[in-house]
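**Q** Let me give you the structure first, and then I'll get to my questions.
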Amino acid sequence: MKYLYTLLSFLLLGGGLFARQPLNRYIDANRIYLDSRHGLGGELDWRMMKAGDVDEQAEKISRTTYDDSRWLPAIVPGTVLNSLVHNGVYPEPYYGINNKLEKGIIPDISKVGRDFYTYWFRTDFDIPANYKDKVIWLQVDGINYRAEVWVNGNLLSTINGMFKQDFINITEYACIGESNALAIKVYPVDMPGTTASKWWGAPGEFRNGGDGNIGLNTTMLMSVGWDFTFLDGIRDRNTGIWRSISLYATGGAIVRHPFVKSELSVPGYDVARETVSVEVTNPSTLTASVNCVVSGEIVGEGIKFSKNVTLFRGETQEVVFTPEEYPQLVIQNPRLWWPLFKGKPELYELKLNVAIDGMVCDSVKTRFGIREIVSNQDTPDRSRQFYVNGKKIFVRGTNWIPEAMLRMSDERTYAELRYTKQSGINLIRFWGGGIAESDYFYQLCDEMGFLVWQEFWMTGDTKHPHDKSVYLGNMESTVKRIRNHPSLAYYVSSNESTEMPGAEALINRIDGTRGYQMQSECCGVHDGSPYKQVNPMQHYENTASERGSRIDGFNPEYGAPTLPLAETLREMMDEKDLWPINKEVWDYHDGGGFHLMSTMYKELTDKYGQSSTIDEFATKGQFVGAMNSKSIWECWNYNKYGFGDRYASGLLFWYHQCPVPQVAGRMWDYTLEPTASLYHTQNALEPLHPQFDYLKNTVSVYNDYYQSFKGYKVLAEVYDIKSRKVWQKSAVVDIPEDGVVNDVFKIDFPEELSQVHFIKLRLLDDKGKQVGSNFYWRSRDKYEGAKTLTGPATSGFESIDQLPEVKLSAKYKTRTENGSYFIDVELKNASRNIAFFTQIQFLGADNKPVRPSFYTDNFFSLLPGESYKITIDTSINKISENSLVIKGWNVKEQRFKLK
1350 MKYLYTLLSF LLLGGGLFAR QPLNRYIDAN RIYLDSRHGL GGELDWRMMK
1400 AGDVDEQAEK ISRTTYDDSR WLPAIVPGTV LNSLVHNGVY PEPYYGINNK
1450 LEKGIIPDIS KVGRDFYTYW FRTDFDIPAN YKDKVIWLQV DGINYRAEVW
1500 VNGNLLSTIN GMFKQDFINI TEYACIGESN ALAIKVYPVD MPGTTASKWW
1550 GAPGEFRNGG DGNIGLNTTM LMSVGWDFTF LDGIRDRNTG IWRSISLYAT
1600 GGAIVRHPFV KSELSVPGYD VARETVSVEV TNPSTLTASV NCVVSGEIVG
1650 EGIKFSKNVT LFRGETQEVV FTPEEYPQLV IQNPRLWWPL FKGKPELYEL
1700 KLNVAIDGMV CDSVKTRFGI REIVSNQDTP DRSRQFYVNG KKIFVRGTNW
1750 IPEAMLRMSD ERTYAELRYT KQSGINLIRF WGGGIAESDY FYQLCDEMGF
1800 LVWQEFWMTG DTKHPHDKSV YLGNMESTVK RIRNHPSLAY YVSSNESTEM
1850 PGAEALINRI DGTRGYQMQS ECCGVHDGSP YKQVNPMQHY ENTASERGSR
1900 IDGFNPEYGA PTLPLAETLR EMMDEKDLWP INKEVWDYHD GGGFHLMSTM
1950 YKELTDKYGQ SSTIDEFATK GQFVGAMNSK SIWECWNYNK YGFGDRYASG
2000 LLFWYHQCPV PQVAGRMWDY TLEPTASLYH TQNALEPLHP QFDYLKNTVS
2050 VYNDYYQSFK GYKVLAEVYD IKSRKVWQKS AVVDIPEDGV VNDVFKIDFP
2100 EELSQVHFIK LRLLDDKGKQ VGSNFYWRSR DKYEGAKTLT GPATSGFESI
2150 DQLPEVKLSA KYKTRTENGS YFIDVELKNA SRNIAFFTQI QFLGADNKPV
2200 RPSFYTDNFF SLLPGESYKI TIDTSINKIS ENSLVIKGWN VKEQRFKLK
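If you read the sequence shown in the working numbering, its first letter stands for residue 1350, the second for the next number, and so on.
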């Protein structure tokens, strides 16, 4: 449990994990962040106290003379509960069943009332002397849920809604060159909701969202409880200052919310017409009017433009520069932004400023991408099909669930998106019960080539916001913040529900460049499932969902969990609860047993033989997760654009990463330790990919590039349990652009083949170079139908322990590059036996995995005589005293002390 606390303090409260600091906030360098020492690398001492325990008036609390020494240290950005746990008032909610409502360890807002989690936060901060004679702004990026913002004894703003940015003019009340006091009274959501079952909704529906009342607020709906976190939710409903507060200064005019609209010529996409707009404000309440010049530049392109503007006091104007007025905004042969595997995600930079009498008062910069993203329903079954720059894109995407207690940092964001890119995902859906992600998140999506599907805080499991103006105000603030990102591809009002009246009109008024649909399951996007573990043979048979066919059209939610590694399991509960499995604790960390981890997943794992320890069980659990993940993606590959038995245009895996420590892990677990599913998904989503069908026994070849390939060779080999090659076949294929060659040939398994055997596939280019590969394990068991746990991908693997032990030859070297440490590892299997499920681990001096560390591959198998190279990019800043471990199912463990 101690290690979990240490991990949380680093990963979730902003500890310095990255020696190279991958952060690159695209902001004004002159901005001063007012984050706490306990927050995201801040320097201020924030303190907090329950509002009911403070006797003094707000005017006194918000002055520098106020004595807050008896208040608790506070985490900003963070939440009330984050800070209470940090101060030891309550134990870590994520450990064991500390958070379980029935235990009564941490008070729930539905039981103790809103006042219990209504808190004052305060700090003192200095305003630099060079802010003199300037307009001073306090920018508040996000508070949940309502807030009063006081500066030096003055109430300057009230904030409503979780996703509203506020820009507060504090000039008149600021003390230049002196200490200033900032006090914020934070109120929880108006209607916290309870975990009671809804009296309304679909019969038999799982009780996500509790009684549904959380939806009356414009907030993070999942905080009341969901099957992918804890069904009884987060005790304070994430009340707090959950995003940064910053300070900056301007002159007598300001510019905000720049926006670039690109119109590409069709069909050539070789001419881009850019329309640039920005909001310009005269913040003065005294000066009658100001004459100013608004100027812009697309950096590095030789494109400049300007316009004279007159503003009366307090006025805001939207200043627009069109290509009709400014022909220089027509760009010939623009560098287009493309998603992953489709081309480079090219970006441009726009700078804008406003000047009075030749003196620059304020400036803003943003990046944008030139691309066209559209969609339609011109498919055989009227399912939605997306296009980028005139070309179809097969969506192999995911659903994004935020960290449940908002314990977020840029370091964590970077790690999770880097893993996402490694997996081959090309679209991220921000599910409607979550949040609008950070600017840094979108920045990385732009740079890494992800498409983003943005939903807005309403679900079919909960009611809708009662205050329309708060909801639409939060939506407007969010859209203006994110609309320049080329990764942003699509707007959706809700998850499985309807829309707020006026939402579509608002989005079209302030953006109008993206597609929109009312909710996640309409307009050619059908409903999801499965969500739980199933027999992987059902993916090939397309019976994984009781609702009917799901591997067709566009499916927004289809997936399966993977058990975390034993090291992670030990960090979320006591050893006595790990083995034998304590169903109460395991099910609590599985959303009430929703994903069947203590039942069906255990049964599937037992198909590899009964386990005697949690370590053995967790190792075999990786086999199950890897098999299920790969089979899902490869079944969708097979049916791309109707190349297979159906027309499939997109899959959004449900879901991507873990919002809490849970036994139902994903491609990586909550601690940022990858499971085998990451690497087997990476393999399934490689852009040129040979694959095997467990139902048809056929070999196919998938291509995700906008390029065709001729004269390629696909080779299949079958090995028995003694690692003898017993069958092989090859064929030459011509692979169509962005297409699939299905059922190139069938594998005829010999009749006397061992119960467990292995398949190796290779794809060679026209010069004989390997460009894709795959490895499978298979049993001789017959598939007996969807209601069984039988079949060649599922059962009969008990004899896999007959594989003889293998010792791999291992060499490594360490190097540094831009302040980051790399370990290059070369393995060779010089034995006569397959090295099955080989794993490399980089361990710290405490013998714990170093997280996050980025392995180019892991959980792979090596044939006799085969060599393999892996690189580890690690976040640690001292590589000596650490260890490199090589191990595997039948691989003799070797440990190397690094130098």
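Yeah, the Cβ is synthetic: ideal placement off N, Cα and C, and Gly gets one too.
Who does residue 1807 pair with in a DSSP beta bridge?
**A** Looking at the DSSP output, residue 1807 shares a beta bridge with no other residue.
**Q** Kindly list the residues whose CB is nearer than 7 Å to the CB of residue 1787, restricted to its own chain and excluding five residues on each side of it in sequence; keep chain order.
**A** 1762
**Q** What do you reckon, are the CB atoms on residue 1385 and residue 1425 nearer than 8 Å?
**A** Contact flag set, yes.
**Q** Which class does residue 2241 belong to by DSSP, given the choice of helix, strand or coil?
**A** coil
**Q** Is it buried or exposed, residue 2014, if we count other Cβ atoms within 10 angstroms and call 16 or more buried?
**A** buried
**Q** What's the call for residue 1414, buried or exposed, on a 16-neighbour Cβ count within 10 Å?
**A** exposed
**Q** CA-CA distance, residue 2243 and residue 2236?
**A** 7 Å
**Q** Among residues of its own chain, excluding the 5 on either side of residue 1894, which ones have a beta-carbon nearer than 6 Å to its beta-carbon?
**A** 1878 and 1879
**Q** Give the single residue among 2189, 1485, 1844 and 2154 whose Cα lies nearest to the Cα of residue 1380.
**A** 1485
**Q** Exposed or buried, which one is residue 1917 when buried takes at least 16 other CB atoms within 10 Å?
**A** buried
**Q** Once you ignore the five residues that flank residue 2018 on each side, which residues in its own chain have a CB closer than 6 Å to its CB?
**A** Excluding the 5 residues flanking it on each side, residue 2018 has same chain C-beta neighbours closer than 6 Å at 1913, 1917 and 2007, in chain order.
**Q** Where does the unbroken beta strand (DSSP E) through residue 1949 begin, and where does it stop?
**A** Counting along the chain, residue 1949 falls outside any beta strand (DSSP E), though it belongs to the alpha helix (DSSP H) covering 1949-1955.
**Q** Measure the alpha-carbon distance for residue 1863 versus residue 1840 and round it to whole angstroms.
**A** 7 Å
**Q** So the candidates are 1698, 1686, 1408 and 2163; which of them puts its Cα closest to the Cα of residue 1722?
**A** 1686
**Q** Pick out the complete alpha helix (DSSP H) segments inside the region 1386-1419, 4 residues or longer, and give them in chain order.
**A** 1407-1410
**Q** Within a Cβ cutoff of 8 Å, which residues of the same chain sit near residue 1709, ignoring the five residues on either side of it in sequence?
**A** 1600, 1702 and 1703
**Q** Indicate the three-state DSSP secondary structure (helix, strand or coil) for residue 1569 in the structure shown.
**A** coil
**Q** Quick one: complete beta strand (DSSP E) runs, 3+ long, within the region 1586-1663?
**A** Correct list: 1594-1599, 1603-1613, 1620-1630, 1638-1647 and 1652-1661.
**Q** Taking 8 Å as the threshold, find out whether the region 1613-1632 comes into contact with the region 1489-1506 through three or more Cβ pairs.
**A** no
**Q** By Cβ distance below 7 Å, which residues in the same chain neighbour residue 1469 in space, the five residues on each side in sequence not counted?
**A** The answer, listed in chain order, is 1397, 1398, 1400, 1403, 1410, 1532 and 1534.
**Q** According to DSSP, what are the bridge partners of residue 2218?
**A** 2175
**Q** Looking at the structure shown, is residue 1795 part of a helix, part of a strand, or coil, going by DSSP?
**A** helix
**Q** Considering only C-alpha positions, which residue in the set 2156, 2166 and 2194 is nearest to residue 2188?
**A** 2156
**Q** Let me make sure I understand the geometry here. Which of 1715, 1541 and 1659 has the alpha-carbon closest to that of residue 1642?
**A** 1659
**Q** Which of helix, strand or coil does DSSP assign to residue 2104?
**A** coil
**Q** Residue 1595 and residue 1383 look like a contact to me (Cβ under 8 Å); what is the Cβ gap, rounded to whole Å?
**A** Their Cβ separation, rounded to whole angstroms, is 6 Å, which keeps residue 1595 and residue 1383 in contact under 8 Å.
**Q** Measuring CB atoms only, is the region 1837-1856 touching the region 1800-1818, in the sense that at least three cross pairs come out at less than 8 Å?
**A** yes
**Q** Run through DSSP, which three-state label would residue 1867 get?
**A** strand
**Q** Figure out for me which residue from 1997, 1966 and 1767 has the closest Cα to the Cα of residue 1726.
**A** 1997
**Q** Kindly indicate which three-state DSSP category residue 1708 falls into: helix, strand or coil?
**A** Looking at residue 1708 - three-state DSSP - the assignment turns out to be strand.
**Q** Could you tell me which residues DSSP pairs with residue 1781 in its beta bridges?
**A** Per DSSP, none; premise fails for residue 1781.
**Q** Quick check: what's the CA-CA separation for residue 2248 versus residue 2179?
**A** About 26 Å.
**Q** Relative to the C-alpha of residue 2211, which candidate in 2164, 2026 and 2123 has its C-alpha closest?
**A** Taking each of 2164, 2026 and 2123 in turn and checking the Cα distance to residue 2211, the smallest one comes out for 2123.
**Q** Around the C-beta of residue 2231, are 16 or more other C-beta atoms found within 10 angstroms, so that it is buried, or is it exposed?
**A** buried
**Q** Flag this pair as yes or no: are the beta carbons of residue 1823 and residue 1567 separated by less than 8 Å?
**A** yes
**Q** Given a threshold of 16 other Cβ atoms within 10 Å of its Cβ, counted over all protein chains shown, does residue 1579 qualify as buried or as exposed?
**A** That one is buried.
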